[in-house]
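Residue 3 is where the sequence shown starts when you use the numbering used here, and the numbers rise one by one after that.
Idealized CB from N, CA, C, for every residue including glycine.
Note that this is a predicted model, so its numbers are computed, not measured.
Working notes for the structure below.
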Amino acid sequence: MLFTTSWDDGYASDMRLADLLMEHECTGTFYICPKPQYGKEMLSKHAIGLLAQRHEIGAHTLTHPDLTRIPIELAQEEIQRSKIWVETVSQKPCTMFCYPYGAYNEHVKNFVKEAGFFGARITENFHCSGNDPFALPASIQFYPFPLRRIFNRRCIGPLQKSWKPLRSLGIPLTSLRAWLPMAKVVFQKMYESEEPWFHLWGHSQEIDRYGMWSDLEKFLKFVKGFENTKCVPNSSLIPTTP
Ligand SMILES: [Zn+2]
């Protein structure tokens with residue numbers, strides 16, 4: 003089974019994540035947008051250059067808009083120019099794209115194809131295969147589960163969103179108490195079903211914000227314990243990649 007991870011936006015904490023992935027012999031994919039998000043410190047151009055030497059860098063637009071809600075000519079420009087920006091900063095070809103907020107439609111998807119990308123990631127979870135390289139789903143998001151802190155409240159949103167797919171996978175209730183036990187059981191199910199790949203994705207600033215570094219480390223160790231698991235960047239899931 004192929005194991006791949008992707009990390010969005012380009013937060014400064016991606017460098018810590020990059021080191022952690024390397025310690026576990028994992029090449030990740032970082033979808034970087036030059037516009038700062040949520041007032042957080044972002045990667046410098048120099049840091050992106052360093053990151054590109056060890057991991058894959060994908061494009062994530064220039065200003066992080068919902069591409070389905072802006073004029074189509076602007077959407078096209080955001081997509082085309084973000085590829086050029088990543089290639090200039092990373093000094094490497096940029097073959098993968100990620101739609102901000104996972105929002106796309108047929109126009110947007112075609113712009114991504116026409117810009118010369120090989121594939122694009124979306125934000126749908128609980129998938130371990132996909133036929134459309136320009137709507138590549140994920141398996142699990144790395145975030146606080148079953149509760150997520152929003153403003154000053156703890157919200158049940160993550161559990162509500164995932165309840166149906168988790169139950170249809172036959173995940174036992176006892177595994178839904180926290181992210182790590184839930185993720186381990188989902189991975190094991192997918193592995194035993196001989197699914198082609200498992201795709202973990204998230205935001206490094208959330209790992210920081212919610213103090214989840216050790217959960218991520220434990221999960222990477224857990225995955226490594228399975229025979230026939232190979233860690234690859236997102237582009238390796240695309241059959242046409244040279
Ligand atoms: Zn994003």
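Item                                                                                                             : Value
Local Cβ density within 10 Å of alanine 61, reported as buried at 16 or more and exposed below that              : buried
Residue ranges of each alpha helix (DSSP H) within the region 114-189, 4 or longer                               : 159-170
Closer than 8 Å: proline 102 CB and nearest ligand 1 heavy atom                                                  : yes
Any non-hydrogen atom of ligand 1 within 8 Å of cysteine 35 CB                                                   : yes
Top-ranked residue by Cα proximity to leucine 239, from Glu197, Arg71, Pro67 and Gln39                           : Glu197
Proximity test, aspartate 248 beta-carbon vs ligand 1 heavy atom, cut-off 8 Å                                    : Because the chain here runs from 3 to 244, residue 248 falls outside it and cannot be looked at.
First through last residue of the alpha helix (DSSP H) which encompasses arginine 61                             : Per the sequence shown, residue 61 should be read as alanine rather than arginine. It is not in any alpha helix (DSSP H) - alanine 61 instead sits in the beta strand (DSSP E) that spans 58-61.
Serine 164, buried or exposed, once every other Cβ within 10 Å from all chains shown has been counted against 16 : buried
Valine 91 and isoleucine 50 closer than 9 Å at C-beta                                                            : yes
Contact test: glutamine 245 Cβ vs ligand 1 heavy atom, cutoff 8 Å                                                : Since the displayed the chain opens at 3 and closes at 244, residue 245 lies outside it and no answer follows.
DSSP state of tyrosine 103 mapped onto helix, strand, coil                                                       : helix
C-alpha gap between glycine 12 and proline 36, whole angstroms                                                   : 8 Å
Euclidean distance between Cα positions of glycine 41 and proline 135                                            : 32 Å
Span of the beta strand (DSSP E) around aspartate 11                                                             : 4-11
Rounded Cβ spacing between threonine 63 and threonine 31 (contact assumed at less than 8 Å)                      : Not quite, the Cβ-Cβ distance comes to about 16 Å (not below 8 Å), so this is no contact.
For valine 88 and alanine 34, believed in contact at Cβ under 8 Å, the rounded distance                          : A small fix is needed here, since residue 34 is isoleucine in this sequence, not alanine. Indeed they touch by this definition, with Cβ atoms about 7 Å apart.
Cβ distance (whole Å) where isoleucine 72 is taken to contact cysteine 96 below 8 Å                              : Between cysteine 96 and isoleucine 72 the Cβ distance is about 21 Å, and since that is not below 8 Å, they are no contact.
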